[in-house]
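Here the structure is laid out as structure tokens; the discussion comes afterwards.
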Amino acid sequence: MVLERKWKTWVFFYIPLTVFIVGTLFPFYWMFITAIRPDAELYRSWRAANNTPFWTLAPTLDHFRDLLAKTTFPTWLWNTFFIAVVSTLISLFCGLLAGYALARLRFPMAGMLGTSIFVTYLVPPTLLFIPLADIIRNFQLGNTPWALILTYPTFLIPFCTWLLMGYFKTIPKELEECARIDGATRFGAMLRIIFPIAVPGILSAGIFAFTLSWNEFIYALVFLSSPEKKTVPVGVVSELIRGDIYFWGQLMAGALLGSIPVALVYSFFVEYYVTGLTGSVKG
Amino acid sequence: MSKPIAGGAGSAADVVALPRARSASPSGMTRFLESERLLAVMLLAPTVLLLGVFIAYPFVMGVWLSLSNTSVGNPGQFVGLKNFVKAWNDSIFRTAFWNTSVYTFWATIFKLALGMWLAVLLNRHFRGKRLVRASMLLPFIVPTVLSTFAWRWMFDPTFSVLNWLLYRGGFIVTKVPFLSDGLYGLWCAIAVNTWRGMPFFAITLLAGLQTISPDLHEAASLDGANGWKRFWHVTWPLLKPVTLVVVVFSIIQTFSDFQLIYVLTGGGPANSTHLLATYAYQIGVATGLLGEGAAISLFMLPVLFLVVWVQLRYLRRLEGA
Chain S
1 MVLERKWKTW VFFYIPLTVF IVGTLFPFYW MFITAIRPDA ELYRSWRAAN
51 NTPFWTLAPT LDHFRDLLAK TTFPTWLWNT FFIAVVSTLI SLFCGLLAGY
101 ALARLRFPMA GMLGTSIFVT YLVPPTLLFI PLADIIRNFQ LGNTPWALIL
151 TYPTFLIPFC TWLLMGYFKT IPKELEECAR IDGATRFGAM LRIIFPIAVP
201 GILSAGIFAF TLSWNEFIYA LVFLSSPEKK TVPVGVVSEL IRGDIYFWGQ
251 LMAGALLGSI PVALVYSFFV EYYVTGLTGS VKG
Chain F
284 MSKPIAGGAG SAADVVALPR ARSASPSGMT RFLESERLLA VMLLAPTVLL
334 LGVFIAYPFV MGVWLSLSNT SVGNPGQFVG LKNFVKAWND SIFRTAFWNT
384 SVYTFWATIF KLALGMWLAV LLNRHFRGKR LVRASMLLPF IVPTVLSTFA
434 WRWMFDPTFS VLNWLLYRGG FIVTKVPFLS DGLYGLWCAI AVNTWRGMPF
484 FAITLLAGLQ TISPDLHEAA SLDGANGWKR FWHVTWPLLK PVTLVVVVFS
534 IIQTFSDFQL IYVLTGGGPA NSTHLLATYA YQIGVATGLL GEGAAISLFM
584 LPVLFLVVWV QLRYLRRLEG A
């Protein structure tokens, strides 16, 4: 009986789980091993006798060195970071105020506004990038970080508003009412009582918004043109491939370095991120 | 946050339903209402302004562009539905439309099936659970463009590690043309999309699973239900609301996907793997025909509209309940 149950656990639990883990993480391992592999080994025929695809005999940091010294990769990292942080802050600011208003205040058309913010949440960037490119050009924002800082909030604000609105509703109204009886204005109660309580919600929304803006691709691809203005995803795609030649070592080094900051932020705040993620679909 | 996701869906209801009037004198009440309105306007102004300028205005402008022959450097004139008719008669557009549908359909099914399976696995207690759960989300965190490059390298025509594995395992004698054949290319993209999106399904469904009381399962197994029956008759009905919401989100993101194809195949070989978004980019941005590009991307709208409509209807129904 016990033996049979053990056998079942292996077949129905450990083996599938292991397959999931290997399948999920293998591309990252492959990224890493390619990044530290010397070129001579990288482009060896797959039928060669001395082919060792899963490890390397002569690990090297050359690809990283070239990437950091000979390309504008460090600038891209800084651009991505700057744009992600500023657009996240803008979105949090707007989302906090709007979320509070929708959760707590009574005013005409509140329902309609809530619904339309929800609908904009579902508008994908690929639907709007062509007219937006024209608008960015007309506003003289093309090829500046502001083109992205002002457009990223279009998909971050609806999410932040939605998440924070849900969070505010879990805070009892009585807290605010007490503060108001003690003489605080509505605005003051919001600022000093409600917002501090909502810090975990703000953190969730912030982490999620940061990873979303770090990952954004199509707006950055269309709105930016000069190499030193680009973000990591766009820079890697457009500048590390010269002509038709793929320098895979450097590309994978770039992919790895471009992923590490966001993976680090994520790893420190996993729980908040998961709250944000599950909150993002709480219709 | 401990509320079940499905229950959270009711939050829209609270927005619509006005709270009960408080007992206050009429004149004080009016003043109170007035100030509340003013505050609401102030608080909502930044959001409405930003979304208006960068969502509503571009949307209107996109509709206008799609009805004109605007190209880069040429203001363009009204041409009616010419762009839409032209797109519909274009064989590459039809391929792109078909590809987008196939891509969305299968990727969503795979993500749902695998995500559900993974969620059920992760819902058990085992050592290192937190670490496993955290690392499972990595494909979703890491910029899609960068991880897709790793896949492209794994699918490389000459140095593919997957070909090497299949060859050494004795499954193939010649290389599989992963990305150099249109049909293979599309299925590779579906595989990568599944790899990337599956964690999102798994983690949100896991959150849903955790709200299901273990007592229900205990009762069902006392009644003699086996694992599969317990899943089908207890877990699945309770998980349906969350699943619907996650599927809707996923359909929208997959249907409008751009970056994965852009990096993996670039729409090639011979334009056989384009999606609507990549083809719109090729016509609208790379070729500079803004009008035609805008028309192509607007073809996404009916499908997105339908999906959003289903979602909103579903929310309304929950409100009514």
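Taken in sequence, the protein lines are chains S and F.
If you read the first sequence in our numbering, its first letter stands for residue 1, the second for the next number, and so on.
If you read the second sequence in our numbering, its first letter stands for residue 284, the second for the next number, and so on.
We treat Cβ as the ideally placed atom computed from N, Cα and C, and that holds for glycine.
**Request:** Provide the residue span of the alpha helix (DSSP H) that contains F/ALA485, from first to last.
**Result:** 465 to 493
**is_contact[F/SER306, chain S] using C-beta, thresh 8 angstroms** = Bear in mind that the predicted position of F/SER306 carries a pLDDT of just 45, short of 50, making it unreliable; the figure below should be weighed with that in mind. Output row for F/SER306: interface = no.
**Request:** Return yes when the Cβ of S/GLY166 is within less than 8 angstroms of the Cβ of S/GLY279, no when it is not.
**Result:** yes
**Proximal residues to S/VAL86 (C-beta, below 6 angstroms), its chain only, five neighbours per side dropped** = So the list reads ILE149, once near-sequence residues are dropped.
**Asked** Applying a beta-carbon distance threshold of less than 7 angstroms, which residues of chain S neighbour F/PRO341?
**Response** Result: LEU128, PRO131, LEU132, ILE135.
**Asked** For S/TYR246, which beta-bridge partners are listed by DSSP?
**Response** S/ILE241
**Request:** Within the same chain, show all residues whose beta-carbon is closer than 7 angstroms to that of S/LYS169, passing over the 5 residues directly before and after it, in chain order.
**Result:** ALA103
**Message:** Within the continuous alpha helix (DSSP H) that includes F/GLN542, where are the two ends?
**Reply:** Bounds of the alpha helix (DSSP H) holding F/GLN542 are 542 to 547.
**Message:** According to DSSP, is S/SER314 part of a helix, a strand, or is it coil?
**Reply:** The first residue shown for chain S is 1 and the last is 283, placing residue 314 of chain S beyond what the model contains.
**Item:** Proximal residues to S/SER213 (C-beta, below 7 angstroms), its chain only, five neighbours per side dropped
**Value:** Excluding sequence neighbours, S/SER213 sits near ILE83, ALA84, SER87, THR88, TYR152, LEU156.
**Message:** Less than 8 angstroms between CB atoms is the rule here; does S/TRP78 satisfy it with respect to chain F?
**Reply:** Chain F contact via Cβ: absent.
**Prompt:** Hey, how far is the Cα of F/LYS412 from the Cα of F/LEU489?
**Reply:** When rounded, the distance between both Cα atoms is 13 angstroms.
**F/VAL528 classed as buried or exposed, judged by whether at least 16 other C-beta atoms fall within 10 angstroms** = Buried.
**Request:** Taking C-beta pairs closer than 8 angstroms, name the residues in chain F that S/ARG186 reaches, listed in chain order.
**Result:** SER318, GLU319, LEU322
**Message:** Please identify, using Cβ separations under 7 angstroms, the residues of the region 422 to 437 of chain F that lie next to chain S, in order along the chain.
**Reply:** PRO422, ILE424, VAL425, PRO426, THR427, VAL428, LEU429, SER430, PHE432, ALA433, TRP434, TRP436, MET437
**Request:** Can you tell me which of the three DSSP states F/SER418 falls into?
**Result:** helix
**Request:** For S/PHE54, name the three-state secondary structure that DSSP assigns.
**Result:** coil
**Request:** May I ask you to list, following chain order, the residues of the region 199 to 231 of chain S that have a beta carbon less than 7 angstroms from some beta carbon of chain F?
**Result:** Listed in sequence order: THR211, TRP214, ASN215, PHE217, ILE218, VAL222.
**Prompt:** If you compare alpha carbons, which of F/LEU348, F/LEU559, F/LYS365, F/ALA370 is closest to F/PRO358?
**Reply:** F/LEU348
**chain S residues whose Cβ lies nearer than 7 angstroms to that of F/GLY567** = ILE130
**Item:** Cutoff 7 angstroms; reference F/GLY398; Cβ partners in own chain excluding five residues on either side
**Value:** MET481, PHE484, ALA485, LEU488
**Request:** Would you kindly report the start and end of the unbroken alpha helix (DSSP H) that includes S/ASP134?
**Result:** 125 to 138 is the extent of the alpha helix (DSSP H) around S/ASP134.
**Residue-level contact to chain F via CB, S/SER267, 8 angstroms cutoff** = yes
**Prompt:** What does DSSP give as the partner residues of F/PHE274 in its beta bridges?
**Reply:** In the structure displayed, chain F extends from 284 to 604; residue 274 of chain F sits before or after that span and is not available.
**Asked** Do three or more CB pairs link the region 133 to 144 of chain S to the region 69 to 82 of chain S at distances below 8 angstroms?
**Response** no
**Close-in-space but distant-in-sequence residues of the same chain around S/ILE241 (CB under 7 angstroms, 5 per side omitted)** = none
**Prompt:** Within 10 angstroms of its Cβ, does S/GLU216 collect 16 or more other Cβ (buried), or is it exposed?
**Reply:** buried
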